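Engineer: Residue numbering for the sequence shown follows our numbering, beginning at 243 and increasing consecutively.
Backbone N, C-alpha and C fix where the C-beta goes; we use that ideal spot for every residue, glycine too.
Since the model is a prediction, treat every value here as computed from it, not as a measurement.
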Amino acid sequence: MLLVIREDYDAISKLASSRISDLLKKNPYAILGLATGSTPLGLYKELIRLHREEGLDFSRVQTFNLDEYVNVPREHDQSYYYFMQENLFKHINIPPDAIHMPNGMAADIEEECELYEEQIIKAGGIDLQILGIGCNGHIAFNEPYSSLGSRTRIKTLTEKTRNDNARFFKNMDEVPKYAITMGVGTIMDAKSIILMASGEKKADAIRNTVEGPITARLPATIVQMHRNATILIDKAAASQLDQSLKIAE
Ligand code: PGA
Numbered sequence: 243m244l245l246v247i248r249e250d251y252d253a254i255s256k257l258a259s260s261r262i263s264d265l266l267k268k269n270p271y272a273i274l275g276l277a278t279g280s281t282p283l284g285l286y287k288e289l290i291r292l293h294r295e296e297g298l299d300f301s302r303v304q305t306f307n308l309d310e311y312v313n314v315p316r317e318h319d320q321s322y323y324y325f326m327q328e329n330l331f332k333h334i335n336i337p338p339d340a341i342h343m344p345n346g347m348a349a350d351i352e353e354e355c356e357l358y359e360e361q362i363i364k365a366g367g368i369d370l371q372i373l374g375i376g377c378n379g380h381i382a383f384n385e386p387y388s389s390l391g392s393r394t395r396i397k398t399l400t401e402k403t404r405n406d407n408a409r410f411f412k413n414m415d416e417v418p419k420y421a422i423t424m425g426v427g428t429i430m431d432a433k434s435i436i437l438m439a440s441g442e443k444k445a446d447a448i449r450n451t452v453e454g455p456i457t458a459r460l461p462a463t464i465v466q467m468h469r470n471a472t473i474l475i476d477k478a479a480a481s482q483l484d485q486s487l488k489i490a491e
């Protein structure tokens, strides 16, 4: 596991975007694993800039997103599909059929989860997975105590997550109760991973992820076992790491 600490959010966003752009130049057919949330927004902005100003080409890539709410239509402004369209896909030259997101409106959710796993395998596996991390150590919707070997499946959102999300919906009844998420095992199958975090509120989760024992209580800790994972964080997110282990700059 490689730990990379940069000054601030902009610096980690730029570095992540250059990792993706290097990969696409080497392999225009790369399979990217993408995430929603506030953390990758700077990365997506930078990818859009690279596409517009430097011709970064997405015409042959395929993408797989980590997760999607169940029973929230794609057109809803809180669906993860909508988020990805608005913040990345509609601004780059990716063909619509190269975009894969779990379908939270599928009639048979279990079948949809199996299909998603099959689609990833059929595409040849994810070359580079972008991850954020929750303050409680979750990755995607794999909340604490998720099985570390889990595959794509339906998860019940915690009351805390539902309450946090309530502000984005008209009323509590509209707030999703379930989501489809790649499992921890699915994420670990990616050939490389970049886990990004910014800000002091993530410092505790990052300390545990980098230094702590591996535990299902903090699903992100499993990334320690990955052969090609980079923890890409800013100084604020690194502020609780064991100082004695820091290498002089
Ligand atoms: P954030 O969320 O990027 O909005 O901080 C990350 C996560 O909860 O996985």
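#1: Less than 7 Å separating the Cβ of S280 from some heavy atom of the ligand PGA?
#2: Out of curiosity, what's the CA-to-CA distance linking I351 and S321?
#3: With three or more beta-carbon pairs closer than 8 Å as the criterion, would you say the region 297 to 316 touches the region 356 to 365?
#4: Distance check for V417 and A408, CA to CA, integer angstroms please.
#5: In chain order, what residues of the same chain have a beta carbon less than 7 Å from the beta carbon of V312, not counting five sequence neighbours either side?
#6: Hey, quick one: how far does the alpha helix (DSSP H) through S259 stretch, first residue to last?
#7: Considering only C-alpha positions, which residue in the set S280, I336 and Y324 is nearest to L298?
#8: State the start and end residues of the unbroken beta strand (DSSP E) segment that holds D476.
#9: Name the DSSP beta bridge partners of K397, please?
#10: For G374, verify whether its CB is less than 7 Å away from any heavy atom of the ligand PGA.
#11: Tell me which same chain residues have a C-beta within less than 8 Å of the C-beta of G279, skipping the five on either side of it?
#12: Please report the residue range of the beta strand (DSSP E) in which D309 lies.
#13: Within its chain, find whatever has a CB closer than 6 Å to the CB of G427; leave out the 5 residues flanking it on each side and keep chain order.
#14: What does DSSP give as the partner residue(s) for M347 in the beta ladder?
#15: Need the endpoints of the beta strand (DSSP E) that R248 sits in, please.
#16: Which class does F300 belong to by DSSP, given the choice of helix, strand or coil?
#17: Tell me, to the nearest whole angstrom, how far the beta carbon of S440 is from that of I254; I am working on the premise that it is less than 8 Å.
#18: Closer than 7 Å: is that where the CB of H380 sits relative to any heavy atom of the ligand PGA?
#19: So is Q485 buried or exposed if we call it buried at 16+ other beta carbons inside 10 Å?
#20: Please state whether the Cβ-Cβ distance between L357 and G275 is less than 8 Å.
#21: In chain order, what residues of the same chain lie with their CB nearer than 7 Å to the CB of V314, ignoring the 5 residues before and after it?
Structural biologist: Walking through what the data contain:
#1: For the purposes of this step, residue 280 is taken as the residue at position 38 of the sequence shown. Checking the Cβ of S280 against the ligand PGA gives yes.
#2: Start at 1 with the first residue of the sequence shown, and residue 351 comes out as number 109. Start at 1 with the first residue of the sequence shown, and residue 321 comes out as number 79. Approximately 16 Å between the Cα atoms of the pair.
#3: yes
#4: Sequence index remark: in the sequence shown, residue 408 carries index 166 (1-based). Sequence index remark: in the sequence shown, residue 417 carries index 175 (1-based). Cα to Cα, the separation comes out at about 6 Å.
#5: If you number the sequence shown from 1, residue 312 lands on position 70. Excluding sequence neighbours, V312 sits near G346, I351, I396, P418, Y420, A421 and I422.
#6: Here residue 259 is taken as the residue at index 17 of the sequence shown, counted from 1. Residues Y251 to K268.
#7: Here residue 298 refers to the residue found at position 56 when the sequence shown is read from its first residue. L298 has its Cα closest to that of I336, out of S280, I336 and Y324.
#8: Numbered from its first residue, the sequence shown carries residue 476 at position 234. Counting along the chain, the beta strand (DSSP E) containing D476 begins and ends at A471 to D476.
#9: Counted from its first residue, the sequence shown places residue 397 at position 155. Bridge partners of K397: A421.
#10: Start at 1 with the first residue of the sequence shown, and residue 374 comes out as number 132. Yes, the Cβ of G374 comes within 7 Å of a heavy atom of the ligand PGA.
#11: Taking the first residue of the sequence shown as 1, we reach residue 279 at position 37. So the qualifying residues of the chain are G374.
#12: Here the question's residue 309 lines up with position 67 in the sequence shown. Run containing D309: D309 to Y311, per the beta strand (DSSP E) assignment.
#13: Counted from its first residue, the sequence shown places residue 427 at position 185. Around G427: G391, S392 and R393.
#14: As a first step, residue 347 is located in the sequence shown; it is residue number 105 there, counting from the start. None; M347 has no bridge partner.
#15: The residue you call residue 248 lines up with position 6 of the sequence shown. That run of the beta strand (DSSP E) goes L244 to R248.
#16: Here residue 300 is taken as the residue at index 58 of the sequence shown, counted from 1. Three-state DSSP puts F300 in coil, outside helix and strand.
#17: Residue numbering aside, residue 440 sits at position 198 when the sequence shown is read from its first letter. Residue numbering aside, residue 254 sits at position 12 when the sequence shown is read from its first letter. About 6 Å separates the two Cβ atoms, so the contact holds.
#18: The sequence position of residue 380 within the sequence shown is 138, counting from 1. H380 Cβ: within cutoff of the ligand PGA.
#19: Counting from 1 along the sequence shown, the entry for residue 485 is found at position 243. By the neighbour-count rule (16 or more Cβ atoms within 10 Å), Q485 is not buried but exposed.
#20: Here residue 357 refers to the residue found at position 115 when the sequence shown is read from its first residue. Here residue 275 refers to the residue found at position 33 when the sequence shown is read from its first residue. Not closer than 8 Å, so no.
#21: On the sequence shown, position 72 is the one that residue 314 refers to. Counting only Cβ-Cβ distances below 7 Å, and skipping sequence neighbours, we find Q320, S321, G346 and P418.
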